[in-house]
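Numbering-wise (the working numbering), the sequence shown opens with residue 1 and increments by one. We treat Cβ as the ideally placed atom computed from N, Cα and C, and that holds for glycine. Keep in mind that this is a model prediction, so the values were computed, not measured. This report concerns only the one structure given below.
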Amino acid sequence: MLEAIRAQGAPPPLASAILAVMAAFALIALIQTFCTWWRLRHIPGPFLNSITPLVMTYHCFKGDITNYTHNLTVKYGRLVRVQPNVVVYNDPETFRRVCSLKASYTKGLWFEFSRWDLDRYSCIAMRDNESRKERKTKLLPAWAGQGLAAMESRIDSQVQSFLELTEKKYVSSAGVLRPMEFGHRAQFYTLDVVTSVTFGRPFGFLKKDGDVEKYLETTEAMTPMFGVLGTLPWLVYVMHAWPLNKMMPGEGDKVGFGRLMKFASDEVKQRVKSDDPNFAHDIIGDYLRNGVEPDDVVQECITLAVAGSETTSVALRMALLSILTTPSAYSKLQSEIDKFYTNKEKAAESIINYADAKTLPYVQAVIREALRLWPPSAGLFTKEVPKGGDSIHGYYLPPGTEVGQCVYSIGRLPHIWGMDYDVFRPERWLEASSEKFEEMQAAVDLVFSSGKYVCLGKHVAWMELMKFFIEVLRRYDIAILNNAQPLKLRDPITWLSTDFWVSFTRREK
């Protein structure tokens with residue numbers, strides 16, 4: 001009888017073995033999930049987030065990851081569990097402590113998505129503190145002294161290019177509307193700035209007034225994936241393995257992101273081959289002169305082109321949106337610029353110099369306020385808790401826990417910004433006492449990170465923003481064309497916008 005049952009209904013030996021292996025893997029996964037949940041069970045947060053990273057992945061796809069994370073901090077407090085091994089804080093003090101030069105924290109797995117080559121690292125992707133410190137020491141000189149002076153002249157050229165494009169195609173007049181989609185034009189400007197600063201010449205987005213070799217089309221399609229990889233960092237290794245690696249951008253591509261990789265590689269090889277010690281004062285030249293290995297220079301240039309252009313274009317778009325939807329701020333901003341140019345010597349200058357731009361307090365207040373409300377890099381930028389663990393806001397965090405930041409929430413803390421924290425009001429920067437101003441300044445500066453992780457291009461970004469707004473608003477009046485919905489916005493890891501239609505009208509002298 002038993003033999004008959006076995007012959008009719010029992011699974012064959014191979015099927016039994018497969019089922020046993022699957023059951024074993026399921027049990028291991030269940031045990032691992034429980035252990036991960038258990039070690040951080042005392043941290044407040046949604047239960048589903050504590051057992052799977054897919055909640056955060058979903059919100060990256062949905063395009064509201066920053067608002068979602070911010071709402072968690074509002075609901076659960078200053079420390080919240082957002083993934084099984086990831087917690088998020090939203091206060092400046094913890095931010096500065098975790099990122100301080102003396103802190104033993106290292107970069108977390110979140111940064112794996114920024115690796116274009118698994119055999120090489122850019123500084124932003126380096127997770128080992130000593131290696132990153134050594135690399136950053138070699139990068140720093142390019143962003144100061146002669147290097148910074150050379151960058152200013154390159155920025156001036158691209159501001160001029162934007163003005164020429166506007167004058168040629170987008171100036172409206174009585175009865176003639178010539179609308180500009182500002183979202184992409186802002187990115188054309190920042191891409192030409194960053195490629196000029198990096199490679200010594202712009203890619204020519206402004207000259208073409210369009211995408212160059214489908215770079216924007218490719219990166220806009222890839223940006224949501226960057227957010228997903230931040231929540232599922234192990235996918236980086238899957239995507240770099242066969243057969244998915246065949247779908248990744250590569251130097252053999254004729255267009256898109258792969259074309260940038262090829263251009264950077266060829267440019268570095270050409271500089272090295274020339275064997276000229278007097279490299280031009282651009283990023284490639286300065287990095288090579290300072291002893292960065294050529295293959296590493298390629299990685300740095302690719303990262304800079306992507307991160308440097310995207311973040312600054314976000315700041316431009318959101319600052320302009322804030323100005324145009326706040327008439328009082330718009331009026332005060334133009335008045336300050338006009339007053340500065342009553343000086344005939346200054347009025348004769350084509351593009352304002354950075355030293356003069358920094359003397360205009362309301363211009364600076366507008367940019368600070370926009371950065372506060374719309375931090376361009378709103379990712380978690382996780383750091384890994386060192387050996388021995390740490391405590392944040394009274395909660396113990398075991399070694400290996402990933403600790404992320406929510407800069408968007410920091411810009412909305414009532415005890416720093418007041419009860420009108422969600423209002424764009426540049427005047428708060430001018431009304432503040434010196435002590436309050438320092439507190440606010442220290443908080444908003446965190447959009448550029450802090451301590452050993454502070455952004456190398458911070459001053460260049462400020463230069464781009466200030467020169468752009470001063471020179472554009474000096475010459476033109478700008479108006480939103482669709483007040484009901486000025487632009488469409490989504491946020492998989494940074495603020496992406498479409499349909500930001502505006503009009504430019506020449507101002508009377």
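query: Hey, how far is the Cα of Asn90 from the Cα of Ile392?; result: 11 Å
query: To which residues of the same chain is Leu191 closer than 7 Å at the C-beta, ignoring the five residues directly before and after it?; result: Phe203, Phe205, Ser309
query: Which runs of the alpha helix (DSSP H), 4 residues or longer, sit entirely within the region 54-132?; result: 54-62, 65-76, 92-99
query: Provide the residue span of the alpha helix (DSSP H) that contains Gln158, from first to last.; result: 145-169
query: Look up Trp242 in the DSSP assignment and say whether it is helix, strand or coil.; result: coil
query: Are there three or more Cβ pairs, one per stretch, closer than 8 Å when the region 348-357 is compared with the region 495-503?; result: no
query: Would you call the CB atoms of Tyr170 and Met180 closer than 8 Å?; result: yes
query: Out of Asp156, Ser104, Ser50, Pro361, state which residue places its alpha-carbon closest to the alpha-carbon of Val88.; result: Ser50
query: Using the beta-carbon count (16 or more within 10 Å), is Ile18 buried or exposed?; result: exposed
query: My understanding is that Val268 touches Val306, with C-beta atoms under 8 Å, so please give their C-beta distance in whole angstroms.; result: With a Cβ gap of about 17 Å, Val268 and Val306 do not count as contacting.
query: Which residue or residues does DSSP assign as beta-bridge partners of Trp501?; result: Glu181
query: In whole angstroms, what is the alpha-carbon distance linking Gly210 and Leu465?; result: 21 Å
query: Roughly how many whole angstroms lie between the Cα atoms of Gly411 and Val460?; result: 22 Å
query: Taking only three categories from DSSP, how would you classify Gln485?; result: coil
query: Can you give me the C-alpha to C-alpha distance between Leu446 and Arg97, rounded to a whole angstrom?; result: 12 Å
query: Look at the alpha carbon of Ala4 and the alpha carbon of Val21, and state the distance between them as a whole number of angstroms.; result: Confidence at Ala4 is low in this model, with a pLDDT of 46, below 50, so its placement is unreliable and the value that follows should be read with caution. Taking the straight line from one Cα to the other gives about 26 Å.
query: Touch check for the region 121-131 and the region 156-171: three-plus C-beta pairs under 8 Å?; result: no
query: Which runs of the beta strand (DSSP E) at least 3 residues long sit entirely within the region 264-322? Give them in chain order.; result: none
query: What residue ranges within the region 450-486 form continuous alpha helix (DSSP H) runs of no fewer than 4 residues, ordered along the chain?; result: 458-475
query: Output the distance between the C-alpha atoms of Gly388 and Leu40, rounded to the nearest integer angstrom.; result: 15 Å
query: Please check if any C-beta of chain D sits within less than 8 Å of the C-beta of Phe437.; result: As a matter of chain content, chain D is missing from the structure shown, which is built from one protein chain.
query: Report the rounded CA-to-CA distance for Leu378 versus Thr66, giving the unit in angstroms.; result: Inspection of the sequence shows that residue 378 is occupied by Ala rather than by Leu. When rounded, the distance between both Cα atoms is 6 Å.
query: Please work out which residues of its chain come closer than 8 Å, Cβ to Cβ, to Ser44, disregarding the five sequence neighbours upstream and downstream, and give them in chain order.; result: Here residue 44 is Pro; the residue named in the question, Ser, does not match the sequence. If we look at Pro44 and ignore the five residues flanking it on each side, its Cβ neighbours are Tyr76, Gly77, Leu79, Val80, Arg81.
query: The alpha helix (DSSP H) with Gly256 in it runs from where to where?; result: No alpha helix (DSSP H) contains Gly256, which DSSP labels as neither H nor E.
query: Using three-state DSSP, classify Leu430 as helix, strand or coil.; result: helix
query: With burial defined as no fewer than 16 other Cβ atoms inside 10 Å of the residue's Cβ, what is the status of His281: buried or exposed?; result: buried
query: Which residues does DSSP pair with Ser173 in a beta bridge?; result: Val176
query: Trp429 and Arg368: beta carbons closer than 8 Å?; result: yes
query: Going by the beta-carbon positions, is the gap between Val423 and Pro376 smaller than 8 Å?; result: no
query: Counting along the chain, where does the alpha helix (DSSP H) carrying Ser391 start and finish?; result: Unbroken run through Ser391 is the beta strand (DSSP E), 390-392; no alpha helix (DSSP H).
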